[in-house]
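Residue numbers (our numbering): 10 to 563. Cβ coordinates follow ideal geometry from the N, Cα and C atoms, glycine included. Step one of this worksheet: look at the structure below.
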């Protein structure tokens, strides 16, 4: 069927639903299996609902369902990717179809990086008005059926909820039922999807007129009161932020103030000035909804996309509270889910462009220090997948080393950690530097490294012990320790901790010799792994009853 499989290539594709009939007729179906997310939402710290301002990204690009609709990837050159997941809290996939089911590749990539994904339910223009009359003016059975289907769809495809956007006028009967529909939808999503969310877009008002308010006020508050959040329109001024802050009270983090990166209409700042909008929003303790950050790709072009993307998010970083990884194992090859080649064990196995966000790895922080350090993605060389992480920086005169913070962590440390690192030094004198991992822990009087007789480390910095070879119990799994090749260097480490809580994982680049000169370095990271030694030594569960379906031989 054309909905599920591309008519040209027969490959499975992601899809949307048009109109009320398609929504009400939807049933799970075996052709659907490709579309179900295979990656559960990873845990994070602090949890999404903790009291701090959040950041929502609303992805709207040329109508949606572009190359990202190919569930098993495509040979796309210079595709759009998003990878600053540590800096955002919610990802919305937006299109103008009635029911936008997020392409599963986005759900997989976001979930791996602890970010929930919302689809969009939208009605607009005269068709939207007719659709709303049909299900809202019809009473509880009619709107209950729509709420039930939307909750079932999110549950079936394993994404996390809905942005609801009613952009047309409503009759008195329809608008009277709208808060009841929203409350019903929110309750059903909460019960069908753990951690599910329903967010309302600032559009229609309590009397049924369509007038964007650019704030939370008495005209739209009854919708905010019955769901998980309000996403405001983009043309606000500072006094509206102040009024919103006052009216929202303890729920101020549930108001997502819209920022259009394309800066359409009368707005404070978009493009590379988006930070001006965010600065104001955060002054009032409100959350932010960054709309169409694909501006970087669409407006500035595909050629220098990765460079421009790092610049765009780097300018916003100080206003974006990050979230930490809270479970082990942590393992990543830094792949973006795209490449110009496919690498395996440091070797270019297959030349040619590819794009598959489901293959995107856990993404690090992308720290920038003006003139001192830049972190970027390198497509020219990788250990595994399509890219490696490139660290470029300088060690100032008289200093020995530079620490690059890759991941923030928040979890109790197991008694024994096993860590591996694959890296490659580039530049004129790679032998002038050493590269190692550093783990920091949260300060506490009880945290000790090794046996409890050793003194606590000052400010909780631990340099894991370098292991020339893995301990015998892990040798088979971690033949890795000898597996550097194609110029990649492999290192294995062990760290014993007692009563500690993990805080950061950093890479340390040090000079071999002290120097009064500034020294520049370029280092590629190919893979990092942090494993709980106890769980690694346990044998993996056996797999039973494997079934294969939907086979197509070419």
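Reduced DSSP secondary structure (H/G/I, E/B, other) of residue i
i	result
residue 452	coil
residue 325	helix
residue 174	strand
residue 139	helix
residue 94	helix
residue 361	strand
residue 356	strand
residue 504	strand
residue 440	helix
residue 265	strand
residue 466	Because residue 466 carries a pLDDT of 49, less than 50, the predicted location of this residue cannot be relied on, and the following value inherits that uncertainty. Residue 466: coil per DSSP, three-state reduction.
residue 513	strand
residue 121	helix
residue 278	coil
residue 80	coil
residue 257	helix
residue 110	coil
residue 47	coil
residue 53	strand
residue 247	helix
residue 316	helix
residue 252	helix
residue 9	Any property of residue 9 remains undetermined from this structure, which presents the chain solely from 10 to 563.
Residue i vs residue j beta-carbon contact at 7 Å
i	j	result
residue 25	residue 110	yes
residue 296	residue 63	yes
residue 160	residue 198	yes
residue 435	residue 515	no
residue 44	residue 243	no
residue 332	residue 121	no
residue 335	residue 419	yes
residue 428	residue 539	yes
residue 77	residue 112	yes
residue 494	residue 355	yes
residue 195	residue 224	no
residue 646	residue 46	In the structure as shown, the chain starts at 10 and stops at 563, and residue 646 therefore has no counterpart that could be examined.
residue 533	residue 433	yes
residue 156	residue 183	no
residue 286	residue 305	no
CA-to-CA distance, residue j to residue i, given in whole angstroms
i	j	result
residue 292	residue 272	20 Å
residue 99	residue 162	19 Å
residue 381	residue 517	14 Å
residue 552	residue 513	34 Å
residue 390	residue 308	28 Å
residue 221	residue 347	38 Å
residue 339	residue 536	11 Å
residue 49	residue 557	21 Å
residue 226	residue 257	9 Å
residue 217	residue 451	53 Å
residue 550	residue 294	46 Å
residue 544	residue 503	14 Å
residue 154	residue 37	16 Å
residue 283	residue 270	7 Å
residue 66	residue 237	16 Å
residue 315	residue 530	21 Å
residue 134	residue 42	34 Å
Range covered by the beta strand (DSSP E) that runs through residue i
i	result
residue 570	The chain is shown only over 10 to 563; residue 570 falls outside these bounds and no answer can be derived.
residue 208	206-210
residue 435	425-435
residue 271	Careful: residue 271 lies outside any beta strand (DSSP E) and carries neither H nor E.
residue 541	528-541
residue 239	238-240
residue 133	126-133
residue 305	Counting along the chain, residue 305 falls outside any beta strand (DSSP E), though it belongs to the alpha helix (DSSP H) covering 304-309.
residue 300	296-300
Unbroken alpha helix (DSSP H) run spanning residue i, endpoints
i	result
residue 421	Here residue 421 belongs to no alpha helix (DSSP H); instead the beta strand (DSSP E) covers 410-421.
residue 290	283-292
residue 185	181-201
residue 213	From DSSP, residue 213 is part of no alpha helix (DSSP H); its letter is neither H nor E.
residue 233	230-233
residue 158	149-166
residue 29	28-34
Quick test of the definition: if touching needs 3 or more C-beta pairs under 8 Å, does the segment 323-331 touch the segment 343-361?
Under the three-pair Cβ rule at 8 Å, the segment 323-331 does not count as touching the segment 343-361.
For the segment 74-93 against the segment 251-270, do three or more pairs of beta-carbon atoms, one drawn from each stretch, fall closer than 8 Å, so that the two count as touching?
The segment 251-270 and the segment 74-93 do not touch, with fewer than three beta-carbon pairs separated by less than 8 Å.
Report yes or no: do three or more beta-carbon pairs, one from the segment 73-86 and one from the segment 200-212, lie closer than 8 Å?
Result no; under three Cβ-Cβ pairs closer than 8 Å.
Looking at C-beta atoms only, is the number of pairs between the segment 365-381 and the segment 401-415 that lie closer than 8 Å three or more?
Counting Cβ pairs under 8 Å, three or more are found: they touch.
For the segment 172-184 against the segment 206-216, do three or more pairs of beta-carbon atoms, one drawn from each stretch, fall closer than 8 Å, so that the two count as touching?
The answer is yes - the segment 206-216 touches the segment 172-184, with three or more Cβ pairs under 8 Å.
Using 8 Å as the cut-off, can you tell me whether the segment 11-26 makes contact with the segment 101-118, which would need three or more C-beta pairs spanning the two stretches below that distance?
With the rule of 3 Cβ pairs closer than 8 Å, the segment 11-26 counts as touching the segment 101-118.
Check whether the segment 359-371 touches the segment 397-404, counting contact only when three or more Cβ pairs, one atom from each stretch, lie closer than 8 Å.
Counting C-beta pairs with one atom in each stretch, the segment 359-371 and the segment 397-404 have fewer than three that are closer than 8 Å, which means they do not touch.
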